[in-house]
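> Top line first, the protein sequences correspond to chains C and P.
All letters in the first sequence, in the order written, are residues 25 to 254 by the numbering used here.
All letters in the second sequence, in the order written, are residues 9 to 72 by the numbering used here.
Can you read through this structure? Questions will come right after.
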Amino acid sequence: MTSRYSRCSWVDRYCRQEKMIPHSKLKGKTVAIIGLGGIGCMSAQLLARSGVGKLILVDKDKVELINLHRQILYDELDIGKPKVKAAVAKLSAINSTITIYGLNMTVTKDSMRRIKADLIMDCTDNLAARKAIAHHCAKKKRPWVFATALATKGMVKAVMPGEDWFDSTFKGKHGFHDVKSKGVLNAGCNAVACLQVSCAMKLLAGKKVSSSLILLDVWDNKVEKVLSNP
Amino acid sequence: MKVFIEETNKKAAIRFEGTARQLLKRLKINPATVLVARNGKLISLEDKLSDSDDIKILEVFMGG
């Protein structure tokens, strides 16, 4: 062990979170983070720092300059690199004690078969990918946490196995605004990620999680819940 | 009926009875782009509303 760790041991690394979530609840778990954009970068970083045993990172894109204002895992030297490659490198430097691997792939019902995880974080940016995640989690009876952001707003929901929520809620939805038309505030999408990770921590710890849809607006300082059971 | 439209951040008090879909038509809002919550719960567009309801019309978005 190098001298920079002389003030604490590897065991003490997670001591500040032990009262909320014992590390024993995280170290044996695998979490897949699907999408490494504004939400995914923060979610992946928080989960890595918390010591989740294994992270699977999924994205198909390369880092662009316009990502840097909100996608906190990347810097200027990463521009042009596959996001998965850049993210694995950054997170491995943050926490070398966990297993992190990346899948550079488009999310489809077929490609999701490659994901074997205890929990899935939906940090994607399109309806088709989210449908594929919902389908996969229903089939594999896995919980997942939906998270989305636009402008200054966000939505987060923990979806439990057996809960037919996504298809029944978003069936027929199309033509809505996206980041090109409305933009996205970095504080907003990162706040959404924090809420998403909070839900994830509770799920991993086996704690009760609200099934409500959480609505957030960082500009108006609003957080509210809407019941969302079909 | 109290109505809050998230996209414009506007509130209104209107007299209305009918389905959520009919309310959106009256407000000239595309139903494919919103979710409707009645009294704190998401509902389908075919659910009937009453004049005493508290309605929120929420934007759909999928950004990540």
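All C-beta atoms in this analysis are idealised placements derived from N, C-alpha and C, irrespective of residue type, glycine included.
Given C65 of chain C, which residues of its chain have a CB within under 6 Å of its CB, disregarding the five upstream and five downstream residues?
Q95, I96 and L97
> Can at least three beta-carbon pairs, one atom from the region 41 to 52 of chain C and one from the region 68 to 78 of chain C, be found at a separation below 8 Å?
yes
> Using beta carbons (cut-off 9 Å, strictly below), is S252 of chain C in contact with chain P?
yes
> Is the Cβ of H198 of chain C closer than 9 Å to any Cβ of chain P?
It does; some Cβ of chain P falls within 9 Å.
> Taking D191 of chain C as the query, report the chain P residues whose CB atoms sit under 9 Å from its CB, ordered along the chain.
Chain order gives no chain P residues near D191 of chain C, where near means a beta carbon separation below 9 Å; the closest approach is about 13 Å.
> When you compare the CB of K137 of chain C with every CB in chain P, is at least one pair closer than 9 Å?
Checking the sequence, you will find Arg at residue 137 of chain C rather than Lys. For R137 of chain C, the answer is no, since every Cβ of chain P falls outside 9 Å of its Cβ.
> Could you tell me the distance, in whole angstroms, from the CA atom of V247 of chain C to the CA atom of K49 of chain P?
Take the alpha-carbon of V247 of chain C and the one of K49 of chain P: they are about 15 Å apart.
> Note down the Cα distance separating A3 of chain P from L70 of chain C, rounded to an integer number of angstroms.
Residue 3 of chain P lies beyond the residue range present for chain P, which begins at 9 and ends at 72; the question has no answer from this structure.
> Kindly give me the distance between the Cβ atoms of A56 of chain C and I139 of chain C, rounded to whole angstroms, as I take these residues to be in contact under 8 Å.
5 Å
> What do you get for W168 of chain C, buried or exposed, if any count of 16 or more other CB atoms within 10 angstroms of its CB means buried?
buried
> Considering only residues of the same chain and omitting the five flanking positions on each side of D61 of chain P, which have a CB-CB separation below 7 Å?
M9, R46 and N47
> How would you label L101 of chain C, buried or exposed, when you count the other beta carbons within 10 angstroms and need 16 or more for buried?
exposed
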